[in-house]
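From first to last, the protein sequence lines stand for chains A and B. Residue 1386 in our numbering sits at position 46 of the first sequence, and the numbers go up by one each step. Residue 152 in our numbering sits at position 117 of the second sequence, and the numbers go up by one each step. Since the structure comes first, as structure tokens, the remarks are kept for the end.
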Amino acid sequence: MRSVIDILDLSTEELSELIKTAEDIIANPEKYQEVCRHKKLATLFFEPSTRTRLSFEAAMYELGGNVLSVSSAGSSSAAKGESVADTAKTVSCYADIIAMRHPKEGAAYVAAQNAGVPVINAGDGGHLHPTQTLADLLTIWREKGRFTGLTIGLCGDLKFGRTVHSLIAAMSRYEGNRFVLISPEELKVPSYVKNILKEQNIPYEQTEDLMSVIGDLDILYMTRVQRERFFNEEDYLRLKDSYILTPEKMNEAKADLAVMHPLPRVNEISVAIDKDPRACYFKQVLNGKYMRMALILKLLYEAGTLKELPERSRA
Amino acid sequence: MNVDSIQNGIVIDHLKAGYGMRLYELLGLSDPELTVAIMKNVTSHKLGRKDIIKIDGITDVDLDVIGFVDPDATVNIIRDGRLIEKKSIEAPERLTNVLRCKNPRCISTTEQELPQIFVLSDRKTKTYRCLYCETRAEK
Ligand SMILES: [Zn+2]
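Dropping the structure here:
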């Protein structure tokens, strides 16, 4: 049974197929609105994440399907001590596909090994969150029209930000990209991520200073710098403002920069930037729903649950 | 047991110096029934310094565990005082129920009945990672 736990479970060919499907859904939503009729998605959320759950549920409804939702960790079977494996086996009896969020790393993998239906990892602790990366990729594609030859800046917490690690891994598979890693010393990317870049001779630079590089960037992926990541308050106070994107800083950026953020934000992007046409973070949310739709279709089709998919229109 | 020569058993030789105790631990050689000698920091032509483990009386050990700790070690099987077989050692693709994941956020540390599996993720550096959470295994 095909499941998606890690963004690297999908080949670049499969990613471009998913993007084509998502673009077709955007262009012709009515063609897809009954495709998953009588099919059920179970959203098993063992830790709260309202936005991700809503995105999956909206995706399934827009495909004409139904949703079984377990959203409160306290009332779930996990609270009664049931294993992830047993939960996955049980839910497979009711649902055609599962989206699972769990605080433990590797939980989605265990679910996928035991479920009789496809499992989509909707976040396993601080480990992986492939559908966020799908949202990021569709956003880059729609804003830039390509995955190659881009200068990609990642800014803020690059140490603990799992979306950053997945995006680097995903974009490293395409030619000619360059990464600019902008973070305080304390929050630099871990060495295994740097090794991905080094081993493939992908150019990258590390800096603490956003302003020194902002003019070079095609994409600026912002993340939240959290107070609790710092050893002392002084460092936090000294650094926090240098990683806040303001309209003044945007004056130095390219006219076609795409500003992205996995959301929720706190204050790292000024609200004033929302009106800037370069702000893409709410488009990213919408793109996430389309990619989840495309992924649900792909997995249900591969599982044989859907006998056919709508033919994509030629663009 | 005479430390110099054993009649029936196994000699794990050419272990990188310092790896003997770790291997002793992972092979479960602290079993009170077993007769075992560890020699550490022995002078070696090949390695400069090496560790050696001699186990008396048994001839099967988990070669995957030895391959994990040191794939360059040699394993000699001794019967009636004679070397009858040299086993070839390789870094195994997978290690099952040998190590425990040390990441407290890993599903395998909460759900104890899951098999503890580590996968060889980089053949060059002999890096093993937890199948579930990808945390690096310590040698
Ligand atoms: Zn683990």
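Every residue gets a Cβ at the ideal spot worked out from N, C-alpha and C, and that includes glycine.
message: Just to confirm the assignment: which complete beta strand (DSSP E) runs, minimum length 3, are found wholly within the stretch 1534-1574 of chain A?
response: 1544-1547, 1559-1562
- prompt: Closer than 8 Å: is that where the CB of Ile41 of chain B sits relative to any heavy atom of ligand 1?
  reply: It does not: the Cβ of Ile41 of chain B is nowhere closer than 8 Å to a heavy atom of ligand 1.
message: Looking at Ala1510 of chain A: is its Cβ nearer than 9 Å to the Cβ of Val1533 of chain A?
response: no
message: Counting only beta-carbon separations shorter than 9 Å, does Glu148 of chain B have a partner in chain A?
response: With its beta carbon less than 9 Å from one in chain A, Glu148 of chain B belongs to the interface.
- prompt: Using the C-alpha atoms, what's the distance from Leu149 of chain B back to Leu1464 of chain A?
  reply: Rather than Leu, the amino acid found at residue 1464 of chain A in this sequence is Asp. Computed Cα separation, rounded: 17 Å.
message: To the nearest angstrom, how far is the alpha carbon of Asn1607 of chain A from that of Leu130 of chain B?
response: 45 Å
- request: Check whether the Cβ of Ser143 of chain B sits closer than 8 Å to any heavy atom of ligand 1, and report yes or no.
  value: yes
message: Assuming contact is defined by CB atoms lying nearer than 9 Å, are Ile88 of chain B and Leu50 of chain B in contact in what I supplied?
response: yes
message: Check whether chain A comes within 9 Å of Tyr59 of chain B, counting only Cβ atoms and requiring the distance to be less than that.
response: With a threshold of 9 Å between beta carbons, Tyr59 of chain B makes no contact with chain A.
- request: State the start and end residues of the unbroken beta strand (DSSP E) segment that holds Val154 of chain B.
  value: 152-157
- request: Consult DSSP for Ile1365 of chain A and reduce its assignment to one of helix, strand or coil.
  value: helix
task: Compare the C-beta of Pro1443 of chain A against all C-beta atoms of chain B and say whether one is closer than 9 Å.
output: yes
field: Proximity of Glu1445 of chain A and Glu169 of chain B at Cβ, strictly below 9 Å
entry: yes
- request: Say yes only if the C-beta of Glu173 of chain B is nearer than 8 Å to one or more non-hydrogen atoms of ligand 1, and no if none qualify.
  value: If you check the C-beta of Glu173 of chain B against ligand 1, you find no heavy atom less than 8 Å away.
- request: Ignoring anything shorter than 4 residues or poking outside the stretch 1565-1638 of chain A, list the alpha helix (DSSP H) runs there in chain order.
  value: Entirely contained in the stretch 1565-1638 of chain A, the alpha helix (DSSP H) runs reaching 4 residues are, in chain order, 1573-1580, 1587-1590.
field: Boundaries (first-last residue) of the alpha helix (DSSP H) holding Asn1454 of chain A
entry: According to the DSSP assignment, Asn1454 of chain A belongs to the alpha helix (DSSP H) that extends over 1447-1454.
query: Cα separation between Tyr1401 of chain A and Ile1636 of chain A?
result: 11 Å
field: Bounding residues of the alpha helix (DSSP H) (the contiguous stretch that carries Phe1396 of chain A)
entry: Residues 1390-1402.
- prompt: Is any heavy atom in ligand 1 found nearer than 8 Å to the beta carbon of Gly1446 of chain A?
  reply: yes
- request: Pull up the CB-CB distance for Ile41 of chain B and Met56 of chain B, whole angstroms please, since I reckon it's below 8 Å.
  value: About 20 Å separates the two Cβ atoms, so there is no contact after all.
- request: Please classify Ser1356 of chain A: does DSSP put it in a helix, a strand, or coil?
  value: Secondary structure of Ser1356 of chain A (DSSP, three-state): helix.
task: Note down, in chain order, every chain B residue with its Cβ under 7 Å from the Cβ of Gly1465 of chain A.
output: Arg140
query: Considering only C-alpha positions, which residue in the set B:Val96, B:Asn111, B:Asp105 is nearest to Ala52 of chain B?
result: B:Asp105
query: Does any heavy atom of ligand 1 sit closer than 8 Å to the C-beta of Glu169 of chain B?
result: yes
task: Closer than 7 Å by C-beta to Val1553 of chain A: which residues in its own chain qualify, once you throw out the five before and the five after it? Chain order, please.
output: Gly1493, Val1520, Ile1522, Thr1547
- prompt: When the distance is taken between beta carbons, is Thr1645 of chain A closer than 9 Å to Pro1602 of chain A?
  reply: no
field: Which of helix, strand or coil DSSP assigns to Ala108 of chain B
entry: coil
message: Rounded to the nearest angstrom, what separates Lys1689 of chain A and Arg1393 of chain A at their Cα positions?
response: Outside the modelled stretch of chain A, which goes from 1341 to 1655, sits residue 1689 of chain A, for which no answer is possible.
message: I'd like to confirm the pairing. Which residues does DSSP put opposite Cys165 of chain B in its beta bridges?
response: DSSP output for Cys165 of chain B lists B:Phe153 as bridge partner(s).
message: Once the 5 residues before and after Asp114 of chain B are set aside, which same chain residues still bring their CB inside 6 Å of it?
response: Correcting the residue identity first, residue 114 of chain B is Arg in this sequence and not Asp. Cβ neighbours of Arg114 of chain B beyond the five flanking positions: Asn43.
- request: Mind checking which residues open and close the beta strand (DSSP E) that includes His1442 of chain A?
  value: 1437-1442
- prompt: Bridge partners of Cys141 of chain B, per DSSP?
  reply: Looking at the DSSP assignment, Cys141 of chain B forms a beta bridge with A:Glu1445.
message: According to DSSP, is His1469 of chain A part of a helix, a strand, or is it coil?
response: coil
field: Under the three-state DSSP convention, the category Gly55 of chain B falls into
entry: helix
message: Only counting the same chain, and skipping five residues up and downstream in sequence, which positions put a Cβ closer than 6 Å to that of Ser1351 of chain A?
response: none
task: Answer yes or no: does any C-beta atom of chain B fall closer than 9 Å to that of Gly1446 of chain A?
output: At a cut-off of 9 Å between beta-carbon atoms, Gly1446 of chain A makes contact with chain B.
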